[in-house]
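Step one of this worksheet: look at the structure below.
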Amino acid sequence: MSHYRIIGRAGAHVLLAGLDDEDIDNLLNTVTNQDPSIFLRTSLNPAALKQLIAEIRRDGYGVFKMPGRNWAGLSKSVIVNDKISLALSIRFHLSAVATDKAVKEFLSILNSGASELSENLSGQSFL
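Mapping to the working numbering: the sequence shown position 115 is 392, numbers consecutive.
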């Protein structure tokens with residue numbers, strides 16, 4: 278069985294946000310057919326994941342915490358050639374920094390890195 282990490286990772290959610298809704302539905306169908314319990318390991322269900330994706334599309338970044346873990350991920354989309362192509366992420370311990378403070382402190386660094394990557398990679402062919 279293949280192992281998909283698209284459900285419980287902020288970086289994967291950012292990458293999903295770059296797909297169109299039909300591709301997301303097809304991918305989720307494939308994943309749940311191969312691993313029917315995949316959503317049981319997270320605090321998400323398909324509707325909640327789609328809500329996160331909508332928020333990422335609106336905000337340009339995502340935050341996600343797996344249940345039972347003391348860490349969360351903050352991920353910023355990197356636009357290359359006019360589409361979300363990469364996710365730049367940082368993991369932080371919730372016992373050390375609250376989520377809202379982490380976003381405030383780390384997002385500007387991720388934004389700078391994403392802008393630089395976008396500028397350096399756009400216009401290049403990766404085929």
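Even glycine gets a Cβ: it sits at the ideal position worked out from N, Cα and C.
{"Query": "Whether residue 352 touches residue 305 by CB criterion (9 Å)", "Result": "no"}
{"Query": "Nonlocal neighbours in the same chain, by C-beta distance under 7 Å from residue 395, ignoring five residues either side", "Result": "355, 356, 357"}
{"Query": "Under the three-state DSSP convention, the category residue 333 falls into", "Result": "helix"}
{"Query": "Residue 283 and residue 292 closer than 9 Å at C-beta", "Result": "yes"}
{"Query": "Own chain partners of residue 295 with C-beta closer than 8 Å, once the 5 adjacent residues on each side are dropped", "Result": "354, 360, 361, 362"}
{"Query": "Residue 400 burial status per 10 Å Cβ neighbour count (16 or more: buried)", "Result": "exposed"}
{"Query": "Nearest-angstrom beta carbon gap, residue 331 and residue 342 [assumed within contact, 8 Å]", "Result": "That belief does not hold up - the Cβ atoms of residue 342 and residue 331 are roughly 18 Å apart, past 8 Å."}
{"Query": "Beta strand (DSSP E) segment containing residue 352, residue limits", "Result": "348 to 357"}
{"Query": "Residue 320 versus residue 398 - alpha carbon distance", "Result": "35 Å"}
{"Query": "Reference residue 324; option with closest CA among 383, 377, 302", "Result": "302"}
{"Query": "Cutoff 7 Å; reference residue 347; Cβ partners in own chain excluding five residues on either side", "Result": "370, 371, 372"}
{"Query": "Beta-carbon spacing of residue 287, residue 339 below 9 Å", "Result": "yes"}
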